[in-house]
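Numbering (my numbering), first residue to last: 4 to 402.
From the three backbone atoms N, C-alpha and C, an ideal C-beta is built for every residue, glycine too.
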Amino acid sequence: MAATEHETQLLLRLFGERWLIDLSAFEDPSPFIARLTQLWSRLVEGGAGYDVVFRPHPSGASGATDDGVVTAHIPERTDGAFPYAFSRAMTQALITRLTGSGLLLHAAGLASADGRRGVVLVASSGTGKSTAARTLGRRFGYISDELMRVDAQHRMHGLTKPLSIIVPGFPGGKDESSPDELGLAPTPEGAPELAAVIALSRRRDATGAVLERISVHEFIAEVLPQSSSIWRSERPLQHLVEAGTSGGGPYRLVYSEIAECEELIAGLLSPKTATELTHEWVNHRPVGDERWTTSPVVDPPQVVVTDDALVSRMPWTDAIESEDEVSVLVGSQFSRIAGIAAPIWVTCARPRRVSELTAMLVEAHGPHPDASELMRTALNELVQRGLVSVETGRGDPSA
């Protein structure tokens, strides 16, 4: 007898959309649907109608079909590994769909008891997100252990999935437990206001828990690798830094055991009347043809630096200047530039002669016997990173 829709389908609300989970391609989907209904209970919806169909297959590729159905390859396993494989496939499908819609981070999310404020805890895979969510989520509202989105209004949205917990010897390496099975606090009904984005740093030799304020550039360098296609969104670095400086940050949370961090998190979630400005920074946003669209697949040449050579910025996606350094995003490629390379890049908002740049640096730092060599080295570094071009034989740079 053919399986009914009740035995093959499940409706979940994910990031504001209704996803129809269709397991009809599996030989015996009923046990899978029953377990997923338990594990994803905080997102299960009733009624009819949906926005997206997610139809995994035990064979075949992942992606989207011509009719808009999202597909994924999930082996039909009855050894307990299916729920974790489903979570991974579901997470990847959501990342693909949400790309460019805001600040998308591989992170855990927790909320205050009233659901009004929340924190995002960023860490690379296997370094503490699920443990943080499982431990701190008993007191603070559980939002996610894996994927968080911060929108333009600094509201938090999360994937309230079952928690993925490492179990040595378990098929697939991790088992899934629902937040209710683990006794986690309720998930807020609305989207909490962002209180802080925190870079987690677990150190076994740490004595107690410390909430460190870090520089804008340290924050970008630590959090950017844990984002998903941030460069596809508008003003990505500006959005990231604005989120990071919320609540007086950017912050790095250093700890040995996450349970030690409970009161620090509680302090961040407490209502605040004002936010202390801890960093000054300038956003260098490209305009028109300055904006990066694609990168040529060529090896940058070694440049010949002469006084009359013309230095111009190459197209970029976004840049942040702070504390004599610049963080630059060119497509998905991130560069953090310091030393004399930073003011060179900033000054080349319009094309400049090498002689102009040298005079600028001498005025700022005084004469140096190796000024020409230092300039050549800095320009070669910027060229190799695809941040500037150096051309000889050009006329008036303002023309």
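In three-state DSSP terms, what is residue i?
i           : result
residue 17  : strand
residue 323 : strand
residue 59  : strand
residue 159 : strand
residue 196 : strand
residue 226 : helix
residue 130 : coil
residue 150 : strand
residue 393 : strand
residue 79  : coil
residue 386 : helix
residue 4   : Low confidence applies to residue 4: its pLDDT is 39, below 50, so where it sits in the model is not reliable enough to give any reading.
residue 179 : strand
residue 429 : Limits of the chain in this structure are 4 at one end and 402 at the other, which puts residue 429 out of reach.
residue 33  : helix
residue 190 : coil
residue 167 : strand
So, at 6 Å on beta carbons, what are the nonlocal neighbours of residue i in its own chain, with the 5 sequence-adjacent residues on each side left out?
i           : result
residue 337 : 227
residue 232 : 102
residue 253 : 217, 222 and 247
residue 272 : 115, 120 and 198
residue 341 : 328
residue 83  : 174
residue 200 : 123, 246 and 247
residue 32  : 11 and 26
residue 344 : 381, 384 and 385
residue 193 : none
By how many angstroms is the C-alpha of residue j removed from the C-alpha of residue i?
i           : j           : result
residue 306 : residue 358 : 15 Å
residue 365 : residue 332 : 28 Å
residue 384 : residue 346 : 13 Å
residue 225 : residue 30  : 44 Å
residue 165 : residue 377 : 54 Å
residue 180 : residue 86  : 9 Å
residue 291 : residue 79  : 50 Å
residue 155 : residue 311 : 44 Å
residue 105 : residue 13  : 27 Å
residue 322 : residue 46  : 37 Å
residue 149 : residue 285 : 31 Å
residue 151 : residue 137 : 16 Å
residue 160 : residue 146 : 8 Å
residue 288 : residue 334 : 13 Å
residue 370 : residue 361 : 10 Å
residue 100 : residue 134 : 27 Å
residue 195 : residue 158 : 6 Å
residue 91  : residue 143 : 25 Å
residue 186 : residue 37  : 20 Å
residue 59  : residue 205 : 36 Å
residue 54  : residue 184 : 29 Å
residue 44  : residue 213 : 35 Å
residue 215 : residue 315 : 37 Å
residue 407 : residue 95  : It is not possible to answer for residue 407, since the shown part of the chain is limited to 4 through 402.
residue 395 : residue 348 : 18 Å
residue 74  : residue 392 : 43 Å
residue 435 : residue 153 : Residue 435 lies beyond the residue range present for the chain, which begins at 4 and ends at 402; the question has no answer from this structure.
residue 65  : residue 188 : 34 Å
Report the CB separation of residue i from residue j in whole angstroms; it is logged as a contact under 8 Å.
i           : j           : result
residue 326 : residue 218 : 6 Å
residue 111 : residue 124 : 4 Å
residue 281 : residue 251 : 6 Å
residue 243 : residue 256 : No, residue 243 and residue 256 are not in contact; Cβ-Cβ is about 17 Å, not under 8 Å.
If I measure Cβ to Cβ from residue i and keep anything under 7 Å in the same chain, skipping five residues before and after, which residues do I get?
i           : result
residue 388 : 338
residue 220 : 325, 328, 330 and 339
residue 132 : 110, 111, 124, 126, 148 and 149
residue 177 : 87, 167, 168, 169 and 170
residue 350 : 360 and 363
residue 16  : 46 and 48
residue 354 : 313, 314, 315 and 400
Short of 8 Å in beta carbon distance, which residues of its chain neighbour residue i, apart from the five on each side in sequence? Order them along the chain.
i           : result
residue 40  : 13 and 47
residue 229 : 108, 109, 110, 125, 126 and 127
residue 276 : Confidence at residue 276 is low in this model, with a pLDDT of 48, below 50, so its placement is unreliable and the value that follows should be read with caution. Closer than 8 Å at Cβ, skipping near neighbours: no residue.
residue 375 : 308 and 361
residue 77  : 59, 60, 61, 85, 88, 89 and 92
Should residue i be counted as a contact of the ligand SAM given a C-beta to heavy atom distance under 6 Å?
i          : result
residue 29 : For the ligand SAM, the structure offers nothing, since it holds no ligand at all.
Residue ranges of each beta strand (DSSP E) within the stretch 293-377, 3 or longer
313-316, 321-325, 328-333 and 336-340
Hey, which unbroken runs of the beta strand (DSSP E) at 3 residues or more fall wholly within the stretch 199-285?
213-216 and 254-258
Which ranges would you report for the alpha helix (DSSP H) in the stretch 81-146 if only whole runs of at least 4 residues count?
As for any alpha helix (DSSP H) of minimum length 4 sitting wholly inside the stretch 81-146, the runs are 85-101 and 132-139, ordered along the chain.
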